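Shown next, in structure tokens, is the structure this report addresses.
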Amino acid sequence: MPAENADRPVAGGAPRGAPAAPPPLTGSTLALGTVALSLATFMNVLDTSIANVSIPAIAGDLGVSPDQGTWVITSFAVANGISVPLTGWLTRRFGQVKLFTGAVVLFVIASILCAAAPNLSMLILARVFQGAVAGPMIPLSQALLLASYPKNRAGTALAMWSITTLVAPVVGPVLGGWITDNIAWPWIFYINVPVGIAAALATWAIYRRRETPTAKVPVDAVGLSLLMIWVGAMQVMLDKGKDLDWFNSTAIVTLACVAVVGFAVFL
Numbered sequence: 016m017p018a019e020n021a022d023r024p025v026a027g028g029a030p031r032g033a034p035a036a037p038p039p040l041t042g043s044t045l046a047l048g049t050v051a052l053s054l055a056t057f058m059n060v061l062d063t064s065i066a067n068v069s070i071p072a073i074a075g076d077l078g079v080s081p082d083q084g085t086w087v088i089t090s091f092a093v094a095n096g097i098s099v100p101l102t103g104w105l106t107r108r109f110g111q112v113k114l115f116t117g118a119v120v121l122f123v124i125a126s127i128l129c130a131a132a133p134n135l136s137m138l139i140l141a142r143v144f145q146g147a148v149a150g151p152m153i154p155l156s157q158a159l160l161l162a163s164y165p166k167n168r169a170g171t172a173l174a175m176w177s178i179t180t181l182v183a184p185v186v187g188p189v190l191g192g193w194i195t196d197n198i199a200w201p202w203i204f205y206i207n208v209p210v211g212i213a214a215a216l217a218t219w220a221i222y223r224r225r226e227t228p229t230a231k232v233p234v235d236a237v238g239l240s241l242l243m244i245w246v247g248a249m250q251v252m253l254d255k256g257k258d259l260d261w262f263n264s265t266a267i268v269t270l271a272c273v274a275v276v277g278f279a280v281f282l
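So the number in this note's numbering is just where the residue sits in the sequence shown, counting from 1, plus 15.
The following block contains the structure:
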């Protein structure tokens with residue numbers, strides 16, 4: 016009966032009525048798509064380390080201590096760690112292409128806010144924003160790249176993608192130090208603007224017709240709150256542990272307890 020067979024797999028393995036996966040890209044379109052996704056990934060990963068060597072200059076310019084300045088790094092890491100697990104839900108809700116392109120555009124805006132921050136509080140808020148929108152970019156860039164290549168070239172695609180994630184953390188401190196010494200620390204964020212705009216425009220031009228299906232998925236508010244609590248506590252603990260002498264610090268012990276209890280309840 017037709018009703019009984021509606022959801023059965025067809026010969027190709029996909030359920031009847033399911034949208035067919037778009038074919039792999041070819042030629043210059045494939046090359047441009049690879050470059051666009053790689054640029055966005057490189058920009059994202061670069062910003063996890065580019066500010067590290069600039070902290071003394073940032074702290075001095077904003078009139079705070081270097082220890083306070085390290086929150087520029089911690090705030091990004093915490094927001095990023097919280098937003099990455101939300102990528103699946105956000106993808107179901109908005110689609111891979113819209114979410115990725117939107118994240119890149121918001122990352123550019125966040126970079127401008129970071130560069131223009133007049134004080135440490137505003138810079139930390141901008142870095143939280145930047146880290147939050149950066150979360151979906153890496154997993155989605157990988158997913159879009161794999162969908163661009165034939166299955167027999169998936170290994171090549173992953174190898175090229177991996178190069179950007181391995182090189183960027185090494186280049187970050189070197190580039191950040193050079194920019195801070197020779198130009199000014201805000202430019203460690205301003206350099207994201209042309210890169211991000213180019214990546215967003217190219218990605219949208221190439222991938223907008225390859226959007227994934229979307230659905231209105233309800234939000235688990237309790238689960239989301241617990242996720243934010245335990246991931247945030249764990250990330251702050253890992254980021255500040257060395258500075259606070261790990262478990263000799265009451266703050267680190269408290270954060271560890273919050274992370275463990277929050278994770279247990281989350282499960």
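Don't be surprised by glycine CBs; every beta carbon is placed ideally from N, CA and C. Remember, predicted model here, so these are calculated numbers, not experimental data.
Could you give the DSSP three-state label for residue i: helix, strand or coil?
i	result
V120	helix
I153	helix
K113	helix
Y205	helix
D76	helix
T63	coil
P133	coil
A162	helix
D258	coil
P39	coil
A228	With the sequence shown as reference, residue 228 is identified as Pro, and Ala is not the correct amino acid for it. It is coil, neither helix nor strand.
For the alpha helix (DSSP H) that contains residue i, what are its first and last residues?
i	result
R223	Where R223 is concerned, there is no enclosing alpha helix (DSSP H), given that its DSSP letter is neither H nor E.
V232	Per DSSP, V232 belongs to no alpha helix (DSSP H) and is neither H nor E.
N197	A169 to N197
A271	T265 to F281
S90	W86 to S98
Taking C-alpha atoms, which residue in the options lies nearest to residue i?
i	options	result
P39	N263, I221 and A279	I221
W200	L47, T265 and S126	S126
G78	A132, P184, P37 and G191	A132
A274	Q157, V251 and L61	V251
S64	R223, C272, I203 and T229	I203
D258	L282, G84 and S53	G84
V68	G48, T195, L159 and T265	T195
M152	V232, T106 and L242	T106
M58	T44, W176, M243 and A72	W176
A92	L121, Y205 and A248	A248
L47	V185, L159, G75 and L282	L159
G238	P100, I198 and G192	P100
P37	A162, D260 and M137	A162
P233	Y164, T41 and R108	R108
L216	P154, G42, K113 and N197	K113
T44	R223, N167 and K255	R223
D62	S264, L242 and V182	V182
N134	L282, G150 and S80	S80
Identify, in the order they occur along the chain, each residue of the same chain with its Cβ nearer than 6 angstroms to the Cβ of residue i, setting aside the five sequence neighbours on each side.
i	result
A147	A94 and S98
T218	A51 and T116
T180	V60
T227	G110 and Q111
L54	V210 and A214
With a 10 Å radius around its C-beta and 16 neighbouring C-beta atoms as the bar for buried, classify residue i as buried or exposed.
i	result
N207	buried
V246	buried
T102	buried
W261	exposed
Quick one: residues in its chain with C-beta nearer than 7 angstroms to the C-beta of residue i, no 5 flanking neighbours on either side, listed in chain order?
i	result
A141	A125, L128, C129 and A132
M16	Unreliable placement is indicated for M16, whose pLDDT of 45 sits below 50; no coordinate value is reported for it.
L190	I65
S90	I139, R142, V143 and G146
Can you give me the Cβ contacts of residue i inside the same chain, cut-off strictly under 8 angstroms, excluding the 5 residues immediately before and after it?
i	result
G192	V68 and S69
T49	L160, S163, A172 and M175
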